[in-house]
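>
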Amino acid sequence: MRQIVRLVLLAAGISLLLSSLCPLVDPQEFALLSAFGVIHPFLIILQVVLLVILLLISSRLVWIPAIALLCAIPSLPRYFSWDSPRDDAEAQYDILSYNVGAVNARSTSDIAALRSDLSSLSPDVVAFQECISAVADIMSDLPAYRYTYSHPLPGPAIYSKYPIRASGEIPFASRVNACIWTDIDLPEQRIRLYNLHLRSSHISQAADELIGNNSLSNKEAMDKSGLILRRFIGSSKIRAGEAQRVLDHSKETELPSIVCGDFNETPQSYTYSILAENRTDSYVERGRGLGISYQGRIPWLRIDYVLLPDSFSVLHHELQSWSHSDHAPVHVGFHLPMQEQ
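Just so we're aligned, residue 2 is where the sequence shown starts under our numbering, counting upward by one.
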């Protein structure tokens, strides 16, 4: 019995260690490892529970979850943030990144509510993913957003109160998934904004059936689980390649670059780690709570991000409680670096 307990503890500990390595390993080289990154926060909770139980019974095996948890410590701020917005200064500029969801946003009531919410919040820059013509019509009715650039709809779109001096696209293989960029002239300096929507895993429907359908047989549940795993692994390879193209493109400009959008990846992924290189995750800096941005049945997913240059100061990170989509809008306020006189 003791050997079985030891094996279970080792298996759970090794799983957490593997998930801790996900940001370092390109899924194009070892795709299966990327799946461990998705369940990383659940593996942390499991190890905490095991650690407490082993401490209570004074087991010598307590070292196993303890070591596993030590290896996971660097990832904790990406999942559990308890920072507060800065109250000592008003944000110099703000940006809203929002996957409006091409399906949900088609209803008349959602369109009317979205119009009201956007008009009330009125961020300086809006970056949509899955933007459709009805959403574009809303923005055309808001006179503050005189400058715009978009991928053929439905797709990413950028709306700005400040002049867009240059723009372009980093095309991906999918019609909906793409990355667009704009150079925006703020009064103090010009910045570049990348708005991206990386390849979807197309697992939401299968996950809904697996989670919500209690009548599935064991074989049907296994088949659904296998389908979800295969699709996620395959798409994670594509997302890593797309992210690398965005990273390479961003290195060709001397402008400070903000990267935002729907990455379709968790913070414990290679894709996130390379895009966050030399950038500040607004949630890590000023988020509060769990930061869950995906509002579908798949639990505990933070897949929508605003990554700012390290030289920028993040004043607030907020998830708006809008219900027009299965994603929550990410609203971030920031200051530019102080200019030398």
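C-beta atoms are modelled at their ideal positions from N, C-alpha and C, and glycine is treated no differently.
Helix, strand or coil, according to DSSP, for arginine 116 in the structure here?
Looking up residue 116 in the sequence shown gives position 115. Helix, per DSSP.
> Since alanine 241 and threonine 272 should fall inside the 8 Å C-beta cutoff, what is the C-beta to C-beta distance between them, to a whole number of angstroms?
Translated into positions along the sequence shown, residue 241 becomes position 240. Translated into positions along the sequence shown, residue 272 becomes position 271. With 8 Å as the limit, alanine 241 and threonine 272 qualify as a contact, their Cβ atoms being about 5 Å apart.
> What are the partner residues of valine 331, as DSSP defines its beta bridges?
In the sequence shown, counting from the first residue as 1, residue 331 sits at position 330. Note: valine 331 sits in a beta bridge opposite Ser98 and Leu320.
> Please go through the same chain and pick out, in chain order, the residues whose beta-carbon is closer than 8 Å to the beta-carbon of leucine 19, but skip the five residues on each side of it.
The residue given as residue 19 occupies position 18 in the sequence shown. Leu34 and Phe37.
> Which residue marks the beginning of the alpha helix (DSSP H) containing valine 136, and which one marks its end?
On the sequence shown, residue 136 is found 135 positions in, with the first residue counted as 1. Taken as a continuous stretch (DSSP letters only), the alpha helix (DSSP H) holding valine 136 covers 134-141.
> Since serine 283 and valine 247 are thought to touch, with beta carbons under 8 Å apart, how far apart are those beta carbons, to the nearest angstrom?
What you label residue 283 is simply residue 282 of the sequence shown in a count that begins at 1. What you label residue 247 is simply residue 246 of the sequence shown in a count that begins at 1. No, serine 283 and valine 247 are not in contact; Cβ-Cβ is about 18 Å, not under 8 Å.
> Quick one: measure Cβ to Cβ for leucine 194 and threonine 183, integer angstroms, because I've assumed they're closer than 8 Å.
Taking the first residue of the sequence shown as position 1, residue 194 is located at position 193. Taking the first residue of the sequence shown as position 1, residue 183 is located at position 182. That belief holds up - the Cβ atoms of leucine 194 and threonine 183 are roughly 5 Å apart, short of 8 Å.
> Mind checking which residues open and close the beta strand (DSSP E) that includes alanine 167?
Within the sequence shown, residue 167 is the residue found at index 166, counting from 1. Looking at the DSSP string, the run of the beta strand (DSSP E) that includes alanine 167 is 165-171.
> Measuring CA to CA, which of Arg166, Ile68, Asn196 and Arg191 is closest to alanine 179?
Residue numbering aside, residue 179 sits at position 178 when the sequence shown is read from its first letter. It is Asn196.
> So, helix, strand or coil for aspartate 311, using DSSP?
Position 310 of the sequence shown, counting from 1, holds the residue named residue 311. DSSP places aspartate 311 in coil when its eight states are reduced to three.
> Report all residues from its chain with a CB closer than 7 Å to the CB of leucine 8; omit the five preceding and five following residues, and keep chain order.
Counting from 1 along the sequence shown, the entry for residue 8 is found at position 7. Nothing meets the Cβ criterion.
> What beta strand (DSSP E) runs, 3 residues minimum, are completely inside the region 247-285?
258-263 and 280-282
> Using the DSSP secondary-structure output, state which residues sit across from aspartate 305 in a beta bridge.
Start at 1 with the first residue of the sequence shown, and residue 305 comes out as number 304. Bridge partners of aspartate 305: Asp263.
> If serine 98 and valine 331 are in contact, beta carbons under 8 Å, what's the gap, nearest whole angstrom?
Here residue 98 refers to the residue found at position 97 of the sequence shown. Here residue 331 refers to the residue found at position 330 of the sequence shown. So it is a contact: roughly 5 Å between Cβ atoms.
> Could you say if the region 250-268 and the region 48-66 meet the contact criterion of at least three C-beta pairs nearer than 8 Å?
no
> What residue from Glu278, Ser326, Gly292 and Asp327 has the CA that sits closest to valine 333's CA?
Within the sequence shown, the letter at position 332 stands for residue 333. The option with the nearest alpha carbon to valine 333 is Gly292.
> Based on Cα-Cα distance, which residue from Asp142, Ile275, Pro257 and Ser141 lies nearest to proline 24?
Counting from one through the sequence shown, the residue named residue 24 turns up at place 23. In terms of Cα proximity to proline 24, the closest of Asp142, Ile275, Pro257 and Ser141 is Ile275.
> Using CA atoms only, rank isn't needed, just tell me which of Leu77, Ile165, Ala114 and Leu51 is closest to valine 6.
For the purposes of this step, residue 6 is taken as residue 5 along the sequence shown, with counting starting at 1. Taking only the C-alpha atoms, the option nearest valine 6 is Leu51.
> Determine, using beta carbons only, whether asparagine 265 and aspartate 311 come nearer to each other than 9 Å.
Taking the sequence shown and counting its residues from 1, the one referred to as residue 265 is at position 264. Taking the sequence shown and counting its residues from 1, the one referred to as residue 311 is at position 310. Cβ atoms of asparagine 265 and aspartate 311: not closer than 9 Å.
> Take histidine 336 and list the residues in its own chain whose beta-carbon comes closer than 6 Å to its own, dropping the five residues that flank it on each side.
On the sequence shown, position 335 is the one that residue 336 refers to. Excluding sequence neighbours, histidine 336 sits near Gln93 and Ser314.
> Is arginine 61 helix, strand or coil by DSSP?
The residue you call residue 61 lines up with position 60 of the sequence shown. Arginine 61 falls in the helix class under three-state DSSP.
> Considering only residues of the same chain and omitting the five flanking positions on each side of leucine 70, which have a CB-CB separation below 8 Å?
Numbered from its first residue, the sequence shown carries residue 70 at position 69. Answer for leucine 70: Leu17, Ile45, Gln48, Val49 and Leu52, listed in chain order.
> Specify, as a first and last residue, the run of the beta strand (DSSP E) that leucine 197 falls within.
Taking the first residue of the sequence shown as 1, we reach residue 197 at position 196. Run containing leucine 197: 191-198, per the beta strand (DSSP E) assignment.
> Alpha carbons only, please: which of Phe43, Gln130 and Met140 is nearest the one belonging to tryptophan 301?
Numbered from its first residue, the sequence shown carries residue 301 at position 300. The candidate whose alpha carbon is nearest that of tryptophan 301 is Phe43.
> On the premise that proline 28 lies in contact with serine 237, defined as a C-beta separation below 8 Å, what is that separation, rounded to the nearest angstrom?
Locating residue 237 in the sequence shown gives position 236, where the first residue counts as 1. Locating residue 28 in the sequence shown gives position 27, where the first residue counts as 1. Sure, about 4 Å apart at Cβ, within 8 Å.
> Quick one, are the C-beta atoms of alanine 128 and proline 172 less than 9 Å apart?
Numbered from its first residue, the sequence shown carries residue 128 at position 127. Numbered from its first residue, the sequence shown carries residue 172 at position 171. No, these two residues do not count as a Cβ contact at 9 Å.
> Which one of Ala114, Thr109, Ala67 and Ala12 has the shortest CA to CA distance from serine 324?
Here residue 324 is taken as the residue at index 323 of the sequence shown, counted from 1. Of Ala114, Thr109, Ala67 and Ala12, the residue nearest in Cα terms is Ala114.
> Can you tell me where the alpha helix (DSSP H) holding isoleucine 15 begins and where it ends?
As a first step, residue 15 must be located in the sequence shown, where it is residue number 14. Per DSSP, isoleucine 15 belongs to the alpha helix (DSSP H) from 3-22.
> Rounding to the nearest angstrom, what Cα-Cα distance links glutamine 245 and leucine 122 in this structure?
Counting from one through the sequence shown, the residue named residue 245 turns up at place 244. Counting from one through the sequence shown, the residue named residue 122 turns up at place 121. Their Cα atoms are separated by approximately 33 Å.
> Under 6 Å Cβ to Cβ from serine 201, same chain only, skipping five residues before and after it: list those, please.
Stepping through the sequence shown from its first residue, residue 201 is reached at position 200. Listed in chain order, the non-local C-beta contacts of serine 201 below 6 Å within the same chain comprise Asn265, local neighbours out to five positions each way being set aside.
> Where glutamate 341 and glutamate 255 are concerned, what is the direct C-alpha to C-alpha distance, given to the nearest angstrom?
Stepping through the sequence shown from its first residue, residue 341 is reached at position 340. Stepping through the sequence shown from its first residue, residue 255 is reached at position 254. Bear in mind that the predicted position of glutamate 341 carries a pLDDT of just 42, short of 50, making it too unreliable to give a figure here.
> How many Å lie between tyrosine 150 and isoleucine 192 at the Cα?
Start at 1 with the first residue of the sequence shown, and residue 150 comes out as number 149. Start at 1 with the first residue of the sequence shown, and residue 192 comes out as number 191. Taking the straight line joining both Cα atoms gives about 15 Å.
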